[in-house]
Amino acid sequence: MKKVTAAIVAFSVLVSGCSTFAPKTQTVSAVCSESDATLQVNGQVYEGKAQVESKTNKSVAIMCTKPGYFPAQKTIDYSLSGTGVADIVGTAFFLLPGIGLFTAGAWKLDETNVNIPMVKSEK
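Here you go:
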């Protein structure tokens, strides 16, 4: 009986929170429709396009600006990843996998390739 209990405890520790081992960031590629526009991703400024590493448990704010064009904005949200779902299922059997839900690995960004169309102003 002690061996079975020890095996269950060892197994639950090994599989506790699969999300803790999942990647915490994703690469987001953002492109403005106007190549010489100013691109901002979470406040960082780029020219026209950029690839940025973003945390999977935080929204990503993207904005394109250019004189003579209306500012264009997009926000990328995040949602529960497959690994996060596995942690939820694992929590039904053992309490420890629930720990993984508090890490960035339990989440994924809803989009990673973003094209921002810009509209010319009438002025």
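Here the sequence shown stands for residues 2 to 124, numbered as in my numbering. Ideal Cβ positions, reconstructed from N, Cα and C, are used throughout, including at glycine.
Could you tell me which residues DSSP puts in a beta bridge with K75?
-> I63
Can you tell me the Cα-Cα spacing of A38 and I77, whole angstroms?
-> 20 Å
Supposed close pair K56, A23 - CB separation, criterion 8 Å | At roughly 12 Å, the Cβ-Cβ gap does not stay under 8 Å, so K56 and A23 are not in contact.
Counting Cβ pairs, one atom from each stretch, are 3 or more of them under 8 Å apart for the region 44-54 and the region 77-90?
-> no
Can you grab the Cα-Cα spacing for the pair T84 / M2, in whole Å?
-> Approximately 32 Å between the Cα atoms of the pair.
Alpha carbon of T21 to alpha carbon of V29, nearest angstrom = For T21 and V29, the gap between their C-alpha atoms comes out near 21 Å.
In whole angstroms, what separates the C-alpha of K67 from that of K59?
-> 27 Å
Can V32 and I63 be called in contact, C-beta distance under 7 Å?
-> no
Could you name the residues of the same chain whose beta carbon sits closer than 8 Å to that of Q27, not counting the 5 residues immediately before and after it, in chain order?
-> E54, S55, T57, K109, L110 and T113
Identify the residues that DSSP records as bridge partners of C33: which are they?
-> I117
Can you give the Cα-Cα distance for G91 and K25, rounded to whole angstroms?
-> 20 Å
Counterpart residues of V53 in DSSP-defined beta bridges = In the DSSP assignment, V53 forms a beta bridge with V29.
Whose CA, out of A107, V5, F103 and T6, lies closest to the CA of A87?
-> Nearest neighbour of A87 by Cα position, chosen from A107, V5, F103 and T6, turns out to be A107.
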